[in-house]
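**Q** Going left to right, the sequence shown walks through residues 140 to 396 as the working numbering numbers them.
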Amino acid sequence: MTPPTAADLPDPRDRTGNAPDLSPEQLYTAQLERYAAEFGTLFLRYKTQAAELEAATRAVVNAFVIALGAHDPYTREHTQRVQNAALLTARTLGWSPEQLEDVRLGAVLHDIGKTSISDTILRKPGRLSDEEYGQVRRHPVIGSHMIAGFPALASARAFVLHHHERWDGRGYPDRLGGLDIPVQGRLLAVSDAVDAMLADRPYRAALSLNQVLTELKAGSGTQFDPDMVEAYLASGALDLYLLRPDDTTPDEHPTGT
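1. May I have the straight-line CA-CA distance separating R343 from F289, to the nearest angstrom?
2. Name the residue from Y371, S347, P163 and R340 whose alpha carbon lies nearest to the alpha carbon of R262.
3. Taking all protein chains shown into account, decide if E164 is buried (16 or more other Cβ within 10 angstroms of its Cβ) or exposed.
4. Which parts of the segment 286-374 are runs of the alpha helix (DSSP H), unbroken and 4 residues or longer, counting only runs that do not cross its ends?
5. Start and end of the alpha helix (DSSP H) containing G265?
6. Quick one: Cα of G208 to Cα of E172, how far?
7. Decide if A373 is buried, meaning its Cβ has at least 16 other Cβ atoms within 10 Å, or exposed.
8. Could you say which of A357, N349, A335 and L292 lies nearest to F203 if we only look at CA atoms?
9. From D334 to D319, what does the alpha carbon distance come to, in whole angstroms?
10. So, for P264: in the same chain, excluding its five sequence neighbours on each side, which residues have a beta-carbon less than 6 Å away from its beta-carbon?
11. If we count the other Cβ atoms within 10 Å of its Cβ and call it buried at 16 or more, is I205 buried or exposed?
12. What is the DSSP secondary structure of G233, counted as helix, strand or coil?
13. What's the C-alpha gap between G324 and K356?
14. Just how far apart, CA to CA, sit E177 and L166?
15. Residues in the same chain with beta-carbon distance under 6 Å from R305, minus the five sequence neighbours each way, listed in chain order, please.
16. With H, G and I counted as helix, E and B as strand and the rest as coil, what does DSSP make of Y380?
17. Could you pull the start and end residues of the alpha helix (DSSP H) that I260 belongs to?
18. Contact check, A229 vs L239 under 8 Å by CB: the rounded distance?
19. Determine, using beta-carbon pairs with one atom in the segment 209-220 and one in the segment 276-286, whether at least three such pairs fall under 8 Å.
20. If I281 sits next to A295, beta carbons under 8 Å apart, how far is it from one beta carbon to the other, in whole angstroms?
21. Is the distance from the Cβ of L327 to the Cβ of A246 below 8 Å?
22. Work out the CA separation of T168 and G252 for me, nearest whole Å.
Now the structure itself:
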């Protein structure tokens, strides 16, 4: 049943603007009822607007994801795996349900800036030149700009902008280090890099799980936040991946490009 609006309730004043012959208690009750009805109307309007905004936001996110998947099929699958691993890590860290929703959104959008990079570079069968790698390194800033106009996506910005920062300050785009890196970026950096290491790429085969464990331990305290590495390993996120052969060699490029 639709609640009454303020127009449906009697105004405690008559048409001349004067209060009718009512007791103070009756006037007070009538005014409260009118305020409650006005609040109910405003609340319903807010719920409708919030639902419309949520639907619009989902449509924007889906459009971004579809565009990215069409542009680079590897990145589409990579995004889903990173999201799953990041959620497991965040749960291990005790993040709240609200924070977990931010992880879902941030992980889905973290590579959205790669839609600005040419297919020639993204699908290049060999190693990237320094100039090409420089273009790839711009994707966090571009992605951050892409979602900046959508207030409902604000919680994803730190994931998008800072997932390639390094604990030792040698990452990009802002060369932040240690706890100066937003926690969202520190969380996603581990899941993003691990997935990159475990994926077959045109220029190299995937690393084995043993090799990835070695890389994580070596990168703890240099590339990665040590607490995030510990949480990632404790979460069982590596169980999301199939076992890899042990005869591969580490990639010479920085992990998680």
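Glycine included, C-beta positions come from ideal geometry on N, C-alpha and C.
**A** Looking at the coordinates:
1. 37 Å
2. R340
3. exposed
4. 296-301, 322-337, 348-358 and 365-374
5. From DSSP, G265 is part of no alpha helix (DSSP H); its letter is neither H nor E.
6. 53 Å
7. exposed
8. L292
9. 24 Å
10. P341
11. exposed
12. coil
13. 19 Å
14. 17 Å
15. Q362
16. coil
17. D258 to L261
18. 6 Å
19. no
20. With a Cβ gap of about 14 Å, I281 and A295 do not count as contacting.
21. yes
22. 57 Å
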